[in-house]
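Engineer: In short: position in the sequence shown from 1, add 13, done, that's the numbering used here.
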Amino acid sequence: MSLISILKKKNNKILFTTPSHGGKFCIFHKFYQWYKSDISEVDAYDPQKGLNEAEKKASVIYGTKYTKFLTNGSTSGIIAAILASGGKKILIWNNSHPCHKNGCKLAGAEIIEYNLQLDEEWGVYKAITAEEVQTLIQNTGADTIIITTPSYEGFAANVKEISEVCKKHNVTFIADEAHGALYPFSDRLPESAVKHADFTVQSLHKTAGGLNPTALLHSNSINPTEALAIISTTSPSYPMLATIEANINYLNSSRGRKALEKLINNIESLNIPRGGDDITKILIKKAGISGYDLSETLFNKYGIEDERTNNISTMLLCGIGTDTNNLNKLKKALNNLGF
Ligand SMILES: Cc1ncc(COP(=O)(O)O)c(C=O)c1O
């Protein structure tokens, strides 16, 4: 039985167990439904069994060896991947998310930092190439490399080529795909690392419609369950885990895939010059004004807030939940600004 079905089940046992709110006592009424399905590993429900089944089903959907549901973001997935990999000499980007360094520190691994080239045209970092990975491995003798792909602004690495280089040199490839959780569900987006890397981490909450901080850890290498247990609570939130199951079911359904196609079509129809490899991250710039000024104008004059800005360009992040009306408003604003 799936985790979702287990949480829907009516329980006829009297529970003298945690959580002691018993699904009835609720501090903030808006969350009443949440309380109702907030259960522990009691025999009356056995949610762990449902979770195991849901994760197995997810691994079939993604074509991975293991897929684990995370309720502490990609942050926990990266740290668990590092611990599971057993890496002792780890290459990390010197501008990567802090969890990369923190994971290495926890693992007691030697950290070797690498630089990425700056894309002068857009003011953002370029994706690492397979040739650069090969050189880094050969020059350092590292046993593990963590690659952020796509970047925040949507520059994606060739994960297939990189995995081939890593395999050739017996190096563990950890892909931080926090910003690419939609990639497995459309050929019009960059290729996902889930089938190529040893470990791939994706934030469902960033682009794929998940609640903060739901995420996934995929492995084609060893089972990361033990490593995850080191950094996880023994009292997981089953309602939150069930949202992950529902989220994946939706993304994989024809309804979800159609919604993603529609999103991509809508962004395409904005018909504006964009940067990067990922259409859902609308990276724009305007000659004569800085990215910061463009960002401020969008915010102050049109009430539109971007996700990230640099001196040259501004990025407006879209995801499966992006509203078509809001995209139309963005189109109007950009037309007014002469895009
Ligand atoms: C590239 C990258 N990796 C990892 C993370 C951590 O993700 P989460 O917030 O899901 O823990 C972030 C968050 O911003 C990120 O940008």
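All C-beta atoms, glycine included, are put in the ideal place defined by N, C-alpha and C.
Output the distance between the C-alpha atoms of Ala210 and Lys180, rounded to the nearest integer angstrom.
Structural biologist: Here residue 210 is taken as the residue at index 197 of the sequence shown, counted from 1. Here residue 180 is taken as the residue at index 167 of the sequence shown, counted from 1. Approximately 9 Å between the Cα atoms of the pair.
Engineer: Would you check whether ligand 1 has a heavy atom nearer than 7 Å to the C-beta of Thr161?
Structural biologist: Taking the first residue of the sequence shown as position 1, residue 161 is located at position 148. Answer for Thr161: yes, Cβ within range of ligand 1.
Engineer: Where do the N-terminal and C-terminal ends of the beta strand (DSSP E) with Glu126 fall, by residue?
Structural biologist: In the sequence shown, residue 126 corresponds to position 113, counting from 1. Where Glu126 is concerned, the enclosing beta strand (DSSP E) stretches over 123-127.
Engineer: In its own chain, which residues sit with a C-beta less than 7 Å from the C-beta of Ser176, not counting the 5 before and 5 after it?
Structural biologist: One-based indexing of the sequence shown puts residue 176 at position 163. The answer, listed in chain order, is Phe186, His209, Ala210.
Engineer: Skipping 5 residues on each side, what residues in its chain have a beta carbon closer than 6 Å to that of Phe352?
Structural biologist: Residue numbering aside, residue 352 sits at position 339 when the sequence shown is read from its first letter. Hits under 6 Å: Ile285.
Engineer: Reducing DSSP to helix, strand and coil, say where Val214 ends up.
Structural biologist: Counting from 1 along the sequence shown, the entry for residue 214 is found at position 201. Here Val214 sits in strand by DSSP.
Engineer: Here's the rule I'm using: 16 or more other beta-carbon atoms within 10 Å means buried, otherwise exposed. How should Asp56 be labelled?
Structural biologist: As a first step, residue 56 must be located in the sequence shown, where it is residue number 43. The residue in question, Asp56, is exposed, as its Cβ has fewer than 16 Cβ neighbours within 10 Å.
Engineer: Looking only at its own chain, which residues have a Cβ that is under 8 Å from the Cβ of Glu68, when we skip the five neighbours before and after it?
Structural biologist: Sequence index remark: in the sequence shown, residue 68 carries index 55 (1-based). For Glu68, where only same-chain residues beyond five positions count, the Cβ hits under 8 Å are Tyr79, Thr80, Lys81, Phe82.
Engineer: What is the rounded straight-line gap between the Cα of Ser250 and the Cα of Glu134?
Structural biologist: Here residue 250 refers to the residue found at position 237 of the sequence shown. Here residue 134 refers to the residue found at position 121 of the sequence shown. Cα to Cα, Ser250 sits roughly 44 Å from Glu134.
Engineer: Cα separation between Gln215 and Glu145?
Structural biologist: Counting from one through the sequence shown, the residue named residue 215 turns up at place 202. Counting from one through the sequence shown, the residue named residue 145 turns up at place 132. So the two alpha carbons sit approximately 24 Å from each other.
Engineer: Could you spell out the range, first to last residue, of the beta strand (DSSP E) harbouring Ala228?
Structural biologist: Taking the sequence shown and counting its residues from 1, one reaches residue 228 at position 215. Ala228 -> beta strand (DSSP E) spans 228-232.
Engineer: At which residues does the beta strand (DSSP E) containing Phe82 begin and terminate?
Structural biologist: Translated into the one-based positions of the sequence shown, residue 82 becomes position 69. Its beta strand (DSSP E) spans residues 79-83.
Engineer: By DSSP's criteria, Phe186 is part of a beta bridge. Which residues make up the other side?
Structural biologist: Looking up residue 186 in the sequence shown gives position 173. Paired residues: Ile158.
Engineer: Can you tell me which of the three DSSP states Ile103 falls into?
Structural biologist: Position 90 of the sequence shown, counting from 1, holds the residue named residue 103. Here Ile103 sits in strand by DSSP.
Engineer: Assuming Leu329 and Leu343 make a contact with CB atoms under 8 Å, what is their CB distance in whole Å?
Structural biologist: For the purposes of this step, residue 329 is identified with residue 316 of the sequence shown, where counting begins at 1. For the purposes of this step, residue 343 is identified with residue 330 of the sequence shown, where counting begins at 1. 7 Å between Cβ atoms; contact.
Engineer: How is Ile333 classed by DSSP in three states: helix, strand or coil?
Structural biologist: Within the sequence shown, residue 333 is the residue found at index 320, counting from 1. Ile333: coil per DSSP, three-state reduction.
Engineer: Between the Cα of Ser199 and the Cα atoms of Lys37, Trp47, Asn278, which residue gives the shortest distance?
Structural biologist: Stepping through the sequence shown from its first residue, residue 199 is reached at position 186. Selected option, being the one with the closest Cα: Asn278.
Engineer: With hydrogens ignored, establish whether the beta-carbon of Gly351 is closer than 7 Å to any heavy atom of ligand 1.
Structural biologist: One-based indexing of the sequence shown puts residue 351 at position 338. The answer is no for Gly351.
Engineer: Output needed for Thr293: all residues of its chain with C-beta closer than 6 Å, excluding positions within five of it in sequence on either side, in chain order.
Structural biologist: Within the sequence shown, the letter at position 280 stands for residue 293. For Thr293, where only same-chain residues beyond five positions count, the Cβ hits under 6 Å are Cys331.
Engineer: May I ask which residues mark the beginning and end of the alpha helix (DSSP H) holding Ile17?
Structural biologist: Residue mapping note: residue 17 aligns to position 4 of the sequence shown, counting from 1. Note, Ile17: alpha helix (DSSP H), 16-21.
Engineer: If I measure Cβ to Cβ from Arg201 and keep anything under 6 Å in the same chain, skipping five residues before and after, which residues do I get?
Structural biologist: Working through the sequence shown from its first residue, we reach residue 201 at position 188. Around Arg201: Ile277.
Engineer: So which of Thr213, Leu224, Gly90 has the shortest CA-CA distance to Thr162?
Structural biologist: What you label residue 162 is simply residue 149 of the sequence shown in a count that begins at 1. Minimum Cα distance to Thr162 is reached at Thr213.
Engineer: So Tyr165 and Arg321 are in contact, right, with Cβ under 8 Å, and what is the actual spacing, rounded?
Structural biologist: Here residue 165 refers to the residue found at position 152 of the sequence shown. Here residue 321 refers to the residue found at position 308 of the sequence shown. Right, the Cβ-Cβ distance comes to about 6 Å (below 8 Å), so this counts as a contact.
Engineer: For a quick check, are the C-beta atoms of Ile261 and Ile92 less than 8 Å apart?
Structural biologist: By 1-based counting over the sequence shown, the position of residue 261 is 248. By 1-based counting over the sequence shown, the position of residue 92 is 79. No, these two residues do not count as a Cβ contact at 8 Å.
Engineer: What is the DSSP secondary structure of Lys180, counted as helix, strand or coil?
Structural biologist: Translated into positions along the sequence shown, residue 180 becomes position 167. In the structure shown, Lys180 sits in a helix (DSSP, three-state: H, G or I).
Engineer: Please report the distance separating the alpha-carbon of Leu104 from that of Gly167.
Structural biologist: Residue 104 sits at position 91 when you count from the first residue of the sequence shown. Residue 167 sits at position 154 when you count from the first residue of the sequence shown. Their Cα atoms are separated by approximately 21 Å.
Engineer: Could you have a look at Lys26 and say whether DSSP puts it in helix, strand or coil?
Structural biologist: Here the question's residue 26 lines up with position 13 in the sequence shown. Correct three-state label for Lys26: coil.
Engineer: Would you mind stating whether Ala272 and Ala97 have Cβ atoms separated by less than 8 Å?
Structural biologist: The sequence position of residue 272 within the sequence shown is 259, counting from 1. The sequence position of residue 97 within the sequence shown is 84, counting from 1. Contact flag unset, no.
Engineer: Could you check whether the Cβ of His192 sits closer than 7 Å to any heavy atom belonging to ligand 1?
Structural biologist: Position 179 of the sequence shown holds residue 192. Checking every heavy atom of ligand 1 against the Cβ of His192, one is found closer than 7 Å.
Engineer: DSSP state of Leu343, grouped into three classes?
Structural biologist: Stepping through the sequence shown from its first residue, residue 343 is reached at position 330. Note: Leu343 maps to helix in three-state DSSP.
Engineer: State yes or no: is the C-beta of Gly304 within less than 8 Å of the C-beta of Gly136?
Structural biologist: Residue numbering aside, residue 304 sits at position 291 when the sequence shown is read from its first letter. Residue numbering aside, residue 136 sits at position 123 when the sequence shown is read from its first letter. Going by C-beta atoms, Gly304 is nearer than 8 Å to Gly136.
Engineer: Buried or exposed: where does Ser282 fall if 16 or more other Cβ atoms within 10 Å of its Cβ makes it buried?
Structural biologist: Counting from one through the sequence shown, the residue named residue 282 turns up at place 269. By the neighbour-count rule (16 or more Cβ atoms within 10 Å), Ser282 is not buried but exposed.
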